[in-house]
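Below: the structure, in structure tokens.
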Amino acid sequence: MKPDTRLVHAGRDPERNFGIVNPPVYRASTILYSTVAEFEKRAERKYTGCSYGLYGTPTTLALAEAVAEMSGGFRSVITSSGLSAVTQALTAFLRHGDHLLLPDAAYGPTRAFGENVLARFGVDVTFYDPLIGSGIADLVRQNTRVVYVESPGSHTFEVQDVPAIAHAAHARGAIVVMDNTWATPLLFRAFEHGVDVEVQAGTKYLAGHSDLLIGTITARDEALFRTVKDGTTAFGDGVAPDVCYETLRGMRTLAVRLRHHERSALDIARWLAGRPEVARVLHPAFPDHPGHALWKRDYLGSSSLFGVLLRTSSDAAVTAMLEGCRLFKIGASFGGFESLILPSRPGENRTATPWRETGLLLRLHVGLEAVEDLIADLEDGFTRLNAVFGKGQA
Ligand SMILES: Cc1ncc(COP(=O)(O)O)c(C=O)c1O
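In my numbering, each number is its position in the sequence shown, counted from 1, plus 79.
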């Protein structure tokens, strides 16, 4: 079946729910057992069924089943946020004395978790150039347990050579954990490119409506899945069934929304590339973009999120531009129906590959509004920017 069809049907079982189309919201902490023998066997149930509310209800399981089906993985675990999916995917596999490789362009809080938390618990963390490709083999050590990838980079959009990185990691017995939030499994088939554990901030495209937080961790096989499930259980992370229900509802329209996001984002990126105020557009589908050839080889499309490097370095000019926008609102997320924009400062967050650009970087999430209206909003924004700084030549 095609992905669109799978998304419509995954995780549903009307026959078991009085013919109701959507899996209902089951609310539970306590789950009852009819015999002592069943109760004594409850530990095994946490992997596949319902044993206690914290470990999942039929609503959680319906979402997990749909996510795993979309990803082509063995099974999924649902977590309370995208960041908790990242941190729990890492802690499930890492222990004191292990080495972790993190890309320099990773989502800021992921980076901070490595630097501030994992390091405190005795995990050795090395940041690497996201464009390193097979060169990562030189950084993989005897004790490297996890090679983490996030492609494209959260603010700078470098596309990683995931198959080459996975090859080098596996050769030394390490596993590959990937944050696949930008592409979703619809646009990047992580498991087909060597990834072992896929993480998504379901908060973004899966949910799609900027009104909830959720994370997903999908494992390639049963052994990896059990390790992940043991890890999330140990931390006591749980998700309300209502949030799972809303995420599953969002997923039904994911394919349609992503196609719209892609088209509109490309239209706007091309328009921006022609503006005198813009030095460069950072979009994986642009031929001059670092990693464009890899994107063409491995990805099935692009999503809503990209960057624009301005010629100006004036904070005042950019503030005038952003604060006056009617449609592009200032907000640090993406994947929702509404457009967002923010000033990004990647230089503050890199150690392996210093950011040398002098112009200011804007990150745009192109929502579902009409492209003409969004362009008009940005055009007015450039008028304000130029009024402060004069034709964007500074
Ligand atoms: C790439 C990426 N991964 C993970 C997260 C974390 O998701 P959440 O906000 O649900 O914790 C984000 C959030 O912005 C993100 O951009």
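All residues carry an ideal CB built from backbone N, CA and C; glycine is no exception.
| Using the C-alpha atoms, what's the distance from THR223 back to ARG124? | 32 Å
| request: With a floor of 4 residues, list each alpha helix (DSSP H) that falls wholly inside the region 245-285, ordered by position along the chain. | output: 263-266
| How many Å lie between GLY471 and ALA348 at the Cα? | In this prediction, GLY471 scores a pLDDT of 47, lower than 50, which makes its location untrustworthy; the coordinate-derived value is nonetheless stated afterwards. Their backbone Cα atoms lie some 18 Å apart in a straight line.
| field | LEU475 and LEU388 closer than 8 Å at C-beta | value | Because residue 475 is not part of the residues shown, which for the chain are 80 to 473, the question remains open.
| query | Should TYR112 be labelled buried (16 or more other beta-carbon atoms within 10 Å of its own) or exposed? | reply | exposed
| heavy atom of ligand 1 below 7 Å from VAL165 C-beta | yes
| query | For PRO425, does the count of other Cβ atoms within 10 angstroms reach 16, so buried, or fall short, so exposed? | reply | buried
| message | To test your reading of the DSSP string, which unbroken beta strand (DSSP E) runs of 3 or more residues are found completely within the region 377-407? | response | 384-389
| Among the residues of its own chain, which have a CB less than 7 Å from the CB of ILE454, if the five just before and after it don't count? | ILE347, TRP350
| query | Hey, is the region 369-381 in contact with the region 236-256, meaning 3+ C-beta pairs nearer than 8 Å? | reply | yes
| request: Entirely within the region 289-355 and at least 4 residues each: give me those alpha helix (DSSP H) ranges in chain order. | output: 301-314, 320-330, 333-352
| said: By alpha-carbon positions, which one of GLU458, SER160, PHE461, ILE99 ends up nearest to VAL322? | reply: SER160
| Taking the C-alpha atoms as reference points, what is the distance between GLY415 and ARG336? | 9 Å
| Three-state class that DSSP yields for LEU86 in the structure shown | helix
| request: With distances taken Cα to Cα, identify the nearest neighbour of VAL274 among PHE461, ASP377, VAL196. | output: ASP377
| said: I'd like to confirm something about THR282: is its beta-carbon nearer than 7 Å to some heavy atom of ligand 1, or not? | reply: yes
| message | So, does the region 286-294 touch the region 160-172, judging by three or more C-beta pairs under 8 Å? | response | yes
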